[in-house]
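Protein chains in written order, with the numbering used here: chain A, 794 to 1030; chain B, 794 to 1030.
C-beta atoms are modelled at their ideal positions from N, C-alpha and C, and glycine is treated no differently.
None of the values given here were measured: they were computed from a predicted structure.
Accompanying notes for the structure given below.
2 protein chains.
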Amino acid sequence: MKNRKKVEVCFTPNLYDLHAEDAEIVVVIDVLRATTAMCAAFDNGVAKMIPVATLEEAFEYKKKGFIVAAERGGEIVEGFDIGNSPASYMGNKFEGDTIVITTTNGTKAIHTARNAATVVIGSFTNLDALSEWLIEQNKNVLLLGSGWKSKFCLEDTMCAGAFVENLQKSGKFRCEDDSSVAAKFMYIQAKDNYLSYLKASSHRVRLAALDLNEDIKYCLTPNTSSVIPILKGQLFS
Amino acid sequence: MKNRKKVEVCFTPNLYDLHAEDAEIVVVIDVLRATTAMCAAFDNGVAKMIPVATLEEAFEYKKKGFIVAAERGGEIVEGFDIGNSPASYMGNKFEGDTIVITTTNGTKAIHTARNAATVVIGSFTNLDALSEWLIEQNKNVLLLGSGWKSKFCLEDTMCAGAFVENLQKSGKFRCEDDSSVAAKFMYIQAKDNYLSYLKASSHRVRLAALDLNEDIKYCLTPNTSSVIPILKGQLFS
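Shown next, in the form of C-alpha cells:
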C-alpha cells in the first residue's frame, strides 16, 4: 500500500501552513453554514459563486450590480441581499445567477487555501458525492475546517472526520496526523446523532440563539446533494 | 453559577494568542515526555529547572557547568547529559540539583506562555494533585498542549481533557470553547485504555520506534506524583 495518497485534517486556517505542504486538493469545510449554503446554491441552479474575504470587496461587487451574500456573526450584513443560510437558495431562486459571497469563517478559509492546486467545497450535504470524486482523483487531500474566528470548531472537524473515514475505507488513502485521527474518532463517536453531540458546540449555541434550528438540521443531514463546487481562478462553478 | 471561572484548551502553541486573553493560569502539557519528565525530576529531589527554547541557550548553560537535558526528535542531543526521559531522574539521581532543559515541543510551549501571570507544569502523573491546586486558585485556567512540531497531538489533548473533566466536576469551572469540549470527549472516550487509544497517535509511533514503551507507560499512568512545578522568573521550582 506504498502508493496510497495522504488524507489530512487541518482544524483551522491559522494552522494551514503546517499542513499544506503535500496537499494537492484542499477541501474547505464550513458546515454552519457557508459551504453547506454553497452546495445548496449550486443544487438550486446557481451558475457561479465568487467568494471574497472582506466586506469591502463585497460592497464593490454590490455596487457593480451583483447579488451578494454577506454574513458576519451569523446574521445578514445590513445592505446585502442574503446571508449564509442554505434556505436562501431553495426553489431555484437564483437559477443561472452569479452570487458573490463573504462569511465570517468560510470565505476566510477559502482565501487561505486559494493557492492550492485544487480547491473544492465540502459539507455533510455532499459528503458521499465529494468523497467518491476525491477517491477518483488519486491525489493527496487536505480537509480544511473553517473554525470559528480561527479557533477549532466541532462541526467542521466532525465533517472532516466523515471524509477521512470515507477515503480510508476506499483503501487508497493513508492517514498519519493526529488531527486526522482525532477528527475520525469524533465523527465515529457522533455519527448516529450529530444533533445531540453538537449540543455542546459553541457555534450551535450561537446559531440556536438566532433561531436557526431548521438550518442546522439541514446542514447536518448528509448526502442530500451531489455537487462538487471547484474553484477556477476567482470563482466556483 | 455566574462566578464560575473559565477552563479552556489550546491545542498547540501556534494558537496560543487566540486563547490567552482571559487566561490567568497556563498549564503547559507535553505528556510524551517533557512535562512528565519535569514532574519526575521534582519528585526525585531536583531543586530547580530552567527551561530554554533553543539548543544555543542550552549550550551556553552547559559551558557554565550546568546539568543540561536536551532532546530533539525523541533523542538526547549529542554532547548533553540527558534527554527528556522521566527515567533519567529516578532514584533521586539529581537531588538538590538545578537542571536546564530544552525539548522539541515542551519547552517551546513554556516559552510561548512565559508572560502569563502563572505558568505551571501538567501531565497525567500530577493530574489530580494539580487539578486540586487549580480548583483552589479560583482563576481562569488555560491548558496548553505542546503538540508535535506545532501540530495538534492526541496525548496532550487527552491529558488536557482530563484536567477539564476534573475542573468541571468541582462545579467551579465553565467550559465554552469547542476545543475544550472536544478534549474532554476524547479523554472520556479513551480514559479506560489510553494505550490502546493512542495506538493511532503519531507521536507514540515515533517513540515506539525508539523502544521507549516503558517510558510511554509511565507517562500515561495518572497520579503517581503530587508536585506542582510553578514558573518563577526564569525557572521552575
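### Message
Per DSSP, what are the beta-bridge partners of Cys803/A in this structure?
### Response
On the first sequence, residue 803/A is found 10 positions in, with the first residue counted as 1. Leu937/A.
### Message
Can you look up Phe966/A in the DSSP assignment and give me helix, strand or coil?
### Response
Here residue 966/A refers to the residue found at position 173 of the first sequence. Strand at Phe966/A.
### Task
Note down, in chain order, every chain B residue with its Cβ under 9 Å from the Cβ of Ser943/A.
If you number the first sequence from 1, residue 943/A lands on position 150. Within chain B, the residues near Ser943/A are Leu808 and Leu811.
### Query
Along chain B, in chain order, which residues have C-beta atoms closer than 8 Å to that of Ala833/A?
Your numbering for residue 833/A matches position 40 in the first sequence. Result: empty, since nearest Cβ-Cβ is about 24 Å, beyond 8 Å.
### Task
Report the residue from Lys886/B, Thr891/B, Gly915/B and Phe978/B whose alpha carbon sits nearest the alpha carbon of Gly899/B.
Counted from its first residue, the second sequence places residue 899/B at position 106. Nearest option by C-alpha distance: Gly915/B.
### Task
Can you grab the Cα-Cα spacing for the pair Cys968/B / Lys855/B, in whole Å?
As a first step, residue 968/B is located in the second sequence; it is residue number 175 there, counting from the start. As a first step, residue 855/B is located in the second sequence; it is residue number 62 there, counting from the start. Cα-Cα distance, rounded: 43 Å.
### Task
Just list the beta strand (DSSP E) runs in the segment 876-900 of chain A, keeping only unbroken ones of 3 residues or longer that don't cross its boundaries, in chain order.
891-895
### Query
So, helix, strand or coil for Thr911/B, using DSSP?
Taking the second sequence and counting its residues from 1, one reaches residue 911/B at position 118. Thr911/B: strand per DSSP, three-state reduction.
### Query
Hey, Ala922/A and Tyr882/A: beta-carbon distance below 7 Å or not?
Taking the first residue of the first sequence as 1, we reach residue 922/A at position 129. Taking the first residue of the first sequence as 1, we reach residue 882/A at position 89. It is not a contact, given that the beta carbons lie outside the stated cut-off.
### Query
With burial defined as no fewer than 16 other Cβ atoms inside 10 Å of the residue's Cβ, what is the status of Gly964/A: buried or exposed?
Residue 964/A sits at position 171 when you count from the first residue of the first sequence. Per the 10 Å Cβ criterion, exposed.
### DSSP three-state assignment for Ala955/B, whether helix, strand or coil
Here residue 955/B refers to the residue found at position 162 when the second sequence is read from its first residue. Helix at Ala955/B.
### Query
Are the beta-carbon atoms of Val861/B and Val893/B separated by less than 7 Å?
Locating residue 861/B in the second sequence gives position 68, counting from the first residue. Locating residue 893/B in the second sequence gives position 100, counting from the first residue. It is a contact, given that the beta carbons lie within the stated cut-off.
### Query
Are any of the Cβ atoms in chain A nearer than 7 Å to that of Asp815/B?
Counted from its first residue, the second sequence places residue 815/B at position 22. It does not; no Cβ of chain A falls within 7 Å.
### Query
Would Asp815/A be called buried (16 or more neighbouring beta carbons within 10 Å of its own) or exposed?
Taking the first residue of the first sequence as 1, we reach residue 815/A at position 22. With fewer than 16 Cβ atoms within 10 Å of its Cβ, Asp815/A is classed as exposed.
### Task
Could you check the C-alpha separation between Tyr990/B and Glu948/B for me, to the nearest Å?
Your numbering for residue 990/B matches position 197 in the second sequence. Your numbering for residue 948/B matches position 155 in the second sequence. The alpha-carbon atoms of Tyr990/B and Glu948/B are separated by roughly 9 Å.
### Task
Check each candidate in Val824/A, Glu850/A and Leu811/A and name the one with the smallest Cα separation from Tyr1011/A.
As a first step, residue 1011/A must be located in the first sequence, where it is residue number 218. It is Val824/A.
### Query
Taking just the CA atoms, how far does Lys944/B sit from Gly938/A?
Against the first sequence, residue 938/A aligns to sequence position 145. Against the second sequence, residue 944/B aligns to sequence position 151. Spanning the two alpha carbons is a distance of roughly 15 Å.
### Message
Alpha carbons only, please: which of Phe873/A, Ala813/A, Gly954/A and Ala851/A is nearest the one belonging to Ala910/A?
### Response
The residue given as residue 910/A occupies position 117 in the first sequence. Nearest of Phe873/A, Ala813/A, Gly954/A and Ala851/A to Ala910/A, Cα basis: Ala813/A.
### Query
Taking the continuous beta strand (DSSP E) assigned at Lys841/A, which residues delimit it?
To locate residue 841/A, count along the first sequence from 1; it is residue 48. It spans Lys841 to Pro844 - the beta strand (DSSP E) in which Lys841/A sits, taken as one unbroken run.
### Task
With a 10 Å radius around its C-beta and 16 neighbouring C-beta atoms as the bar for buried, classify Asn933/A as buried or exposed.
Taking the first sequence and counting its residues from 1, the one referred to as residue 933/A is at position 140. So Asn933/A ends up on the buried side.
### Query
Is Ile822/B helix, strand or coil by DSSP?
Start at 1 with the first residue of the second sequence, and residue 822/B comes out as number 29. In this structure, Ile822/B counts as strand in the three-state DSSP scheme.
### Task
Could you have a look at Ile903/B and say whether DSSP puts it in helix, strand or coil?
For this step, residue 903/B is matched to residue 110 along the second sequence. The answer is helix: DSSP assigns Ile903/B an H, G or I state.
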